[in-house]
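Notes follow once the structure below has been shown.
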Amino acid sequence: MKQTDIPFIEGLENMPFDILYETMNRCGTAQSAECVPWSEYPYLPQVRFSLAASRSHLFVCWSVRGEGLKALFGNDQEPVWQDSCVETFIAAPDGSGYFNFEMNCIGTLLAAHQRARGVDTVRLEPQQMTSVIRHTSLPHETFEERSGIHSWRAATGIPFSILGFADGERPATLRANFYKCADGSATPHYVSWAPISTPKPDFHRPEFFGLLNFQPADK
Numbered sequence: 006m007k008q009t010d011i012p013f014i015e016g017l018e019n020m021p022f023d024i025l026y027e028t029m030n031r032c033g034t035a036q037s038a039e040c041v042p043w044s045e046y047p048y049l050p051q052v053r054f055s056l057a058a059s060r061s062h063l064f065v066c067w068s069v070r071g072e073g074l075k076a077l078f079g080n081d082q083e084p085v086w087q088d089s090c091v092e093t094f095i096a097a098p099d100g101s102g103y104f105n106f107e108m109n110c111i112g113t114l115l116a117a118h119q120r121a122r123g124v125d126t127v128r129l130e131p132q133q134m135t136s137v138i139r140h141t142s143l144p145h146e147t148f149e150e151r152s153g154i155h156s157w158r159a160a161t162g163i164p165f166s167i168l169g170f171a172d173g174e175r176p177a178t179l180r181a182n183f184y185k186c187a188d189g190s191a192t193p194h195y196v197s198w199a200p201i202s203t204p205k206p207d208f209h210r211p212e213f214f215g216l217l218n219f220q221p222a223d224k
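Oh and the sequence shown: position 174 is 179 in our numbering, straight run, nothing missing.
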């Protein structure tokens with residue numbers, strides 16, 4: 006099983022994007038999504054990200070460079086996986102399934118809890134959606150697909166409370182996977198951090214999630 010350590014960094018949730026991005030790149034755990042599990046979708050954009058956690062949130066800071074850029078969806082809970090999209094899937098600590106957090110390049114978020122793909126799916130409540138911290142290098146304005154090579158950055162801060170932890174409680178470990186996709190683009194692709202062994206593209210497979218080991222918070 007793929008795994009990585011998650012360093013503790015105080016106050017990430019209060020940092021503006023430029024400071025957060027610099028701090029995460031300097032002190033977070035650097036990772037990349039380089040698995041292209043399905044031969045019919047061979048395109049591999051450059052997908053780098055860093056991981057860290059504050060007392061209250063898991064943060065993922067993304068840097069993407071690749072062919073095409075698309076952002077048709079501007080309202081939360083729309084099908085952002087069709088756009089230029091990054092995704093964080095986290096297994097529920099109580100074993101009840103997993104959470105999927107999918108965000109396009111302009112910060113539109115789809116988020117839900119489900120037991121398996123399309124099984125007992127419950128989308129996050131509006132107040133939970135608001136509690137997910139989002140930053141992007143692009144303004145929140147929709148646009149048709151743009152050709153050529155594009156670079157963009159994004160960050161998400163996922164509250165531990167959404168995952169079921171009490172106030173002030175942090176995990177010791179979580180199981181998760183991290184993805185880049187753009188299903189509806191001219192160059193569709195499906196890229197993952199931890200490898201997936203299925204015959205067709207399917208990110209909703211927690212049996213292939215990797216392991217996140219959280220460093221304790223400083224006292």
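Cβ coordinates follow ideal geometry from the N, Cα and C atoms, glycine included.
It should be emphasised that the depicted structure is a prediction, and the values quoted were computed from it without experimental measurement.
Taking only three categories from DSSP, how would you classify residue i?
| i | result |
| --- | --- |
| Glu212 | helix |
| Arg31 | helix |
| Tyr26 | helix |
| Met134 | helix |
| Leu17 | helix |
| His140 | strand |
| Ser202 | coil |
| Ile167 | coil |
| Arg175 | coil |
| Gln36 | strand |
| Leu129 | coil |
| Val41 | coil |
Specify, as a first and last residue, the run of the beta strand (DSSP E) that residue i falls within.
| i | result |
| --- | --- |
| Pro164 | Phe148 to Pro164 |
| Arg180 | Thr178 to Cys186 |
| Asp10 | Gln8 to Ile11 |
| Ser190 | It is not in any beta strand (DSSP E) - Ser190 carries neither H nor E in the DSSP assignment. |
In its own chain, which residues sit with a C-beta less than 6 angstroms from the C-beta of residue i, not counting the 5 before and 5 after it?
| i | result |
| --- | --- |
| Trp86 | Glu107, Cys186 and Asp188 |
| Leu129 | Ala116 |
| Ile167 | Gln133 |
Kindly list the residues whose CB is nearer than 7 angstroms to the CB of residue i, restricted to its own chain and excluding five residues on each side of it in sequence; keep chain order.
| i | result |
| --- | --- |
| Asn80 | Thr113 |
| Ser101 | Arg120 |
| Pro193 | Tyr46 and Ala187 |
| Asp10 | Thr34, Asn218 and Gln220 |
Excluding the five sequence neighbours on either side, which residues of its own chain have a C-beta within less than 8 angstroms of the C-beta of residue i, listed in chain order?
| i | result |
| --- | --- |
| Leu25 | Leu17, Phe64, Cys66, His140 and Ala160 |
At least 3 beta-carbon pairs within less than 8 angstroms: the segment 154 to 163 vs the segment 175 to 182: Proximity of the segment 154 to 163 to the segment 175 to 182 falls short of the contact definition, fewer than three beta-carbon pairs being nearer than 8 angstroms.
I'd like the ranges of any alpha helix (DSSP H) spanning at least 4 consecutive residues and lying wholly in the segment 43 to 126. List check, alpha helix (DSSP H) in window: nothing returned.
Would you call the segment 56 to 71 in contact with the segment 13 to 28, where contact means no fewer than 3 C-beta pairs closer than 8 angstroms? The segment 56 to 71 vs the segment 13 to 28: in contact.
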